[in-house]
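Here is the structure we will look at, set down as structure tokens.
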Amino acid sequence: AANLLSDASTDWSKFTKMDASAKMINDQYIIVNSNFAISENFIASPEKEAAIKKANEKVAKGDPKGAIDTLRLAGMSVLQNQYLMPLKQTREAVSEASKLLDSGKYYEANLVLKGAEDGIIVDSELLDVDR
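This note's numbering numbers the first residue of the sequence shown as 2 and each following residue consecutively.
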């Protein structure tokens with residue numbers, strides 16, 4: 002992880018959260034995890050089960066937007082959670098923790114890494130049927 006974070010040639014643009022809710026000064030949020038949940042009182046029907054199966058296939062093929070659209074067309078609201086990591090702050094923390102580990106300061110390194118972990122935020126968005 003330290004090598005990946007410190008490598009200046011890594012292209013982070015495809016993982017960067019670019020909308021207004023994720024603006025930072027001198028840093029950028031990187032999406033490190035994402036999940037979807039159906040947000041309704043779900044009552045199974047053959048149509049909804051088929052839509053969920055089709056949405057799962059789209060996610061497996063790397064098309065999460067298509068999956069969301071499939072669920073919305075079937076009348077289901079979708080809640081999306083994205084876990085966002087501040088890239089520059091995390092790089093600095095991992096670098097500092099590495100130096101502390103090299104000098105045998107394990108407790109201090111753990112605290113620095115804990116601080117980096119605490120910097121991760123969750124951005125939740127309800128992708129409603131009516132949108």
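Cβ atoms here follow ideal geometry from the backbone N, Cα and C, with glycine treated the same way.
Note that this is a predicted model, so its numbers are computed, not measured.
Taking Asp-119 as the reference, which of Leu-74, Pro-87, Ala-45 has the closest Cα? Pro-87
By the three-class DSSP mapping on this structure, what secondary structure does Gln-83 have? When DSSP states are grouped into helix, strand and coil, Gln-83 belongs to the strand group.
Outcome for Tyr-138 when other beta-carbon atoms lying within 10 angstroms are tallied against a minimum of 16: Shown here, the chain extends from 2 to 132; a query on residue 138 therefore has no answer.
The beta strand (DSSP E) spanning Asn-57 covers which residue range? First-last for Asn-57: 47–61, but that is the alpha helix (DSSP H), not the beta strand (DSSP E).
Hey, would you say Ala-135 sits closer than 8 Å to Leu-72, going by beta carbons? The structure shown has nothing for residue 135, since the chain only spans 2 to 132.
Give me the Cα-Cα distance between Ile-121 and Asp-70, rounded to the nearest whole angstrom. Roughly 28 Å separates the two Cα atoms.
Cβ atoms of Gln-83 and Ala-117: under 8 Å apart, would you say? Taking 8 Å as the cut-off, the beta carbon of Ala-117 is found no closer than this to the beta carbon of Gln-83.
Tell me whether Ile-44 sits in a helix, a strand or coil according to DSSP, three-state version. coil
Asp-65 versus Leu-128: straight-line alpha-carbon distance, rounded: In the sequence as displayed, the identity of residue 65 is Pro instead of Asp. Computed Cα separation, rounded: 12 Å.
Between the beta-carbon of Ser-78 and the beta-carbon of Ser-40, is there less than 8 Å? yes
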